[in-house]
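Following our numbering, the numbering of the sequence shown begins with 2 at its first residue and continues without gaps. Built from N, CA and C at the ideal position, the CB exists for glycine as well. Quantities reported herein were computed from a predicted structural model and do not represent experimental measurements.
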Amino acid sequence: MKFRWLLFTKCIFMLSVIHLKAAVLFQDDFSDPAVSYKNWLSLNPSFNTVDFSDGVCKITDTSSSYSSMVYHTFQNKPSVFTLSCTMIRENESVRAGVAVCYSQTEGHYSVQLGDKQIFFLKPGDTSAKGISCPNLDSQNNKISVSKSGNKFNVFINDRFITSYEGGSVVDGDIAFVSYPKTSVIFDNVVV
């Protein structure tokens, strides 16, 4: 019994230390539109409208052929982090997601949700690699991407899905990605 108590105490201590090392680098719940408009920039404002109202970020891509990016810039680019947000699509045919290590000149790593699959893009990729994701909801999903070194861990709806390796990983910003002729809602962003 004494051994179990000692083990339990050690585990609690270790969890406390881990928790103390974690910090919130950025968050936006879109409850204050004035703050959100300062936090996010549209890469393609000519065909990409961003609306911060009703406590969410709604992105509408009106292009018939180009994807949209709405990004947040960090002054000090984090190299170890977890990006988490919720995403609401009109239906499972809408492809959208998040990008990490985003750079306008060097590319980005993105995780995009499709119909029953998630897709990964790395800088320089011309096509996305997809894997099956059984717990993907047709509309409401929580996406989490953790980066440490050149390894990315992907979670959908708080369930681990897969890991993948980045090549020449750069530290960068975060972004929302939406495909042509779609509207997507993002909320509860935490890094």
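Spatial neighbours of Lys194 within its chain, please: C-beta separation below 6 Å, excluding the five flanking residues on both sides.
With the chain represented from 2 up to 192, any question about residue 194 goes unanswered, as that position is not in the structure.
CB of Val51 within 7 Å of CB of Asp188, strictly:
In the sequence shown, counting from the first residue as 1, residue 51 sits at position 50. In the sequence shown, counting from the first residue as 1, residue 188 sits at position 187. The answer is no: Cβ separation not under 7 Å.
Shortest alpha-carbon distance to Leu137 belongs to which of Arg96, Gln76 and Lys117?
In the sequence shown, residue 137 corresponds to position 136, counting from 1. Measuring from the Cα of Leu137, the nearest candidate turns out to be Lys117.
Rounded Cβ spacing between Tyr72 and Ile175 (contact assumed at less than 8 Å)
Within the sequence shown, residue 72 is the residue found at index 71, counting from 1. Within the sequence shown, residue 175 is the residue found at index 174, counting from 1. The pair is a contact, with the Cβ atoms about 7 Å apart (cut-off 8 Å).
From the DSSP output, in three-state form, read off Tyr180 for me.
Sequence index remark: in the sequence shown, residue 180 carries index 179 (1-based). Coil.
Between the Cα of Ser133 and those of Gly115, Gly98 and Ser147, spot the shortest distance and give me the residue it belongs to.
Here the question's residue 133 lines up with position 132 in the sequence shown. Comparing Cα-Cα distances from Ser133 to each of Gly115, Gly98 and Ser147, the minimum goes to Gly115.
Should the segment 62 to 81 be called in touch with the segment 36 to 51, which here means at least 3 C-beta pairs below 8 Å?
yes
Where Pro46 falls, given that 16 or more other Cβ within 10 Å makes a residue buried
Here residue 46 is taken as the residue at index 45 of the sequence shown, counted from 1. Answer is exposed; the Cβ neighbour count stays below 16.
Would you say the beta carbon of Val178 is closer than 6 Å to some non-hydrogen atom of the ligand SAH?
By its list of ligands, the structure shown contains no ligand whatsoever, and the ligand SAH lies outside what it can speak to.
Take the Cβ of Gly150 as the centre, count every other Cβ of all protein chains shown within 10 Å, and call the residue buried at 16 or more, exposed below.
The count along the sequence shown starts at 1 and reaches residue 150 at position 149. The residue is exposed, with fewer than 16 neighbouring Cβ atoms inside 10 Å.
Report the partner residues of Val57 according to the DSSP bridge assignment.
One-based indexing of the sequence shown puts residue 57 at position 56. In DSSP, Val57 forms a bridge with Ser54.
Quick check on the DSSP output: what are the complete beta strand (DSSP E) runs of length 3 or more inside the segment 112 to 181, in order along the chain?
118 to 122, 130 to 133, 141 to 149, 152 to 157, 160 to 166 and 174 to 179
Can you tell me the Cα-Cα spacing of Pro79 and Phe153, whole angstroms?
Working through the sequence shown from its first residue, we reach residue 79 at position 78. Working through the sequence shown from its first residue, we reach residue 153 at position 152. Each residue's Cα considered, the two are about 14 Å apart.
Pull the bridge partners of Thr100 from the DSSP assignment, please.
Residue numbering aside, residue 100 sits at position 99 when the sequence shown is read from its first letter. First, the amino acid is wrong: residue 100 is Ala here, not Thr. BP columns for Ala100 point to Ser111 and Ala176.
Would you identify the three-state DSSP class for Val36, choosing helix, strand or coil?
On the sequence shown, residue 36 is found 35 positions in, with the first residue counted as 1. In this structure, Val36 counts as helix in the three-state DSSP scheme.
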